[in-house]
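For the sequence shown, position 196 matches number 189 in this note's numbering, and the numbering has no gaps at all.
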Amino acid sequence: MALREQLPTPAPAQLPAPPAPPEGPKPLISVRHLRKVYRVGDEKVVALRDINLEIPRGQIVCIVGTSGSGKSTLLNQLAGLEKPTRGAVYIGKTNISQLSENQLATFRQRHLGFIFQSYNLLPTMTALENVALPMIFRGISRGRRNKAALSMLAAVGLKKRALHRPTEMSGGQQQRVGIARAFVTRPKVVFADEPTGNLDTKTTIAVMKMMVRFARKYNQTLIIVTHDPELSDYADRIVTLIDGQIVHDQMHTPIYDGEAAPEPTQEPPAEPPDLSEMDLPLPDDPEEPQAGQQAPDPTAEEGEESHE
């Protein structure tokens, strides 16, 4: 007993410190515990379930899934087009889920670009006027707007179509106008919702290469939502949704890096213009909204949106 008392008590084993997590690019977009529920009649439909996602600046991401998987709902959440039932979406330092509708409209004008399946061009405006439209909201003078818009039309091979209206152009030409409009102000993020859904195979390839080339040139985050798995060949990262949940999230080596010129469809596209030479006021990094201007915290339970 005495001998046992004299023996030193062994020190507790020192476990090695866990390795530090690998440092990657700082995320431009952060999605935290995102949930979206719609009410359809007397039933609740869960469109998104606890989505967590981080996307760095300059990454090209393809969100894929079948109809009803939640991919379009996720795009609407990332772009601030809908409010989440729970959770938050940050772009830069801004929690866009807490912004008012007016704040969201201003934020989208300053920091986001959109490319749509149905083109969404104003039919009464020329191609030049459609591309220049986002710059009106930025307070840019007519001369500078037209110069920048014409340069972008040249970059998509449509300089000779500058004064044509959408009804005078093919679907592929209209989508190239839409691409020029989305990129002309060099937004931080460009969202493309089924951008090739109405296009043939040859035009699809040309359109995808244009979007990738511009995103690489301006170091912009490009988020493509599609049901076509072949479009994911152009992405750095593929996120797959099933029943409102992310089931796969993997890095990918794209088949096109933006270096080689796309196949011209009418006139050879020029390099994306350096819009800084045109003295355009480019957007600053997104920041926190000012105090006193925030909506209620979306991480708390909210009423589901009705889709009756």
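For every residue, glycine included, the Cβ atom is placed at its ideal position computed from N, Cα and C.
Only a predicted model underlies this, so the values are computations on that prediction, with no experimental measurement involved.
{"Asked": "Extent of the continuous alpha helix (DSSP H) run through SER65", "Found": "64 to 71"}
{"Asked": "DSSP state of PRO127 mapped onto helix, strand, coil", "Found": "helix"}
{"Asked": "8 Å Cβ shell around VAL232 - same chain, five flanking residues per side excluded", "Found": "LEU46, VAL54, CYS55, ILE56, VAL57, ILE239, HIS241 and ASP242"}
{"Asked": "Check whether ILE108 and PRO49 have beta carbons under 9 Å apart", "Found": "no"}
{"Asked": "Sub-9 Å separation of ARG174 and PRO127 beta-carbons", "Found": "yes"}
{"Asked": "Whole-angstrom C-beta distance between SER65 and VAL218, which should lie under 8 Å", "Found": "6 Å"}
{"Asked": "Residue range of the unbroken beta strand (DSSP E) whose run includes THR189", "Found": "Counting along the chain, THR189 falls outside any beta strand (DSSP E), and DSSP gives it neither H nor E."}
{"Asked": "Residue of THR178, ALA125, THR160 and LEU71 minimising C-alpha distance to ASP186", "Found": "LEU71"}
{"Asked": "With 16 other Cβ atoms within 10 Å as the buried cut-off, status of THR99", "Found": "exposed"}
{"Asked": "Beta-carbon contacts of GLN166 that lie in its chain and below 7 Å, excluding the five residues immediately before and after", "Found": "LEU151 and ARG154"}
{"Asked": "Sub-9 Å separation of GLY106 and VAL182 beta-carbons", "Found": "yes"}
{"Asked": "Straight-line gap, LYS195 to VAL205 (C-alpha atoms, nearest Å)", "Found": "16 Å"}
{"Asked": "N-terminal and C-terminal residue of the alpha helix (DSSP H) that VAL24 is part of", "Found": "It is not in any alpha helix (DSSP H) - VAL24 instead sits in the beta strand (DSSP E) that spans 20 to 33."}
{"Asked": "Rounded separation between LEU115 and GLU75 - CA only", "Found": "23 Å"}
{"Asked": "Cβ-based burial, GLY132 [other Cβ within 10 Å; buried from 16]", "Found": "exposed"}
{"Asked": "Simplified DSSP assignment, three categories, for HIS319", "Found": "No statement about residue 319 is possible, as the shown extent of the chain runs from -6 to 301 and does not include it."}
{"Asked": "Unbroken beta strand (DSSP E) run spanning ILE216, endpoints", "Found": "214 to 219"}
{"Asked": "Residues near ARG209 by beta carbon distance below 6 Å, same chain, minus five either side", "Found": "GLY251"}
{"Asked": "Contacts around SER90, its chain only, beta-carbon distance under 7 Å, and the 5 residues preceding and following it disregarded", "Found": "LYS76, PRO77, ALA81, VAL82 and PRO291"}
{"Asked": "Span of the alpha helix (DSSP H) around GLU94", "Found": "94 to 104"}
{"Asked": "Of the residues SER62, THR246, GLN213 and ARG137, the one placed nearest ILE22, counting alpha carbons only", "Found": "GLN213"}
{"Asked": "LEU224 beta carbon near the ligand SAH (any heavy atom closer than 8 Å)", "Found": "Among the components modelled here there is no ligand, and therefore nothing to report on the ligand SAH."}
{"Asked": "Cβ of ARG138 within 9 Å of any chain B Cβ", "Found": "Of the chains in the structure shown, none is chain B; there is only one protein chain."}
{"Asked": "Local Cβ density within 10 Å of LYS86, reported as buried at 16 or more and exposed below that", "Found": "exposed"}
{"Asked": "Residue range of the beta strand (DSSP E) that includes ALA81", "Found": "79 to 84"}
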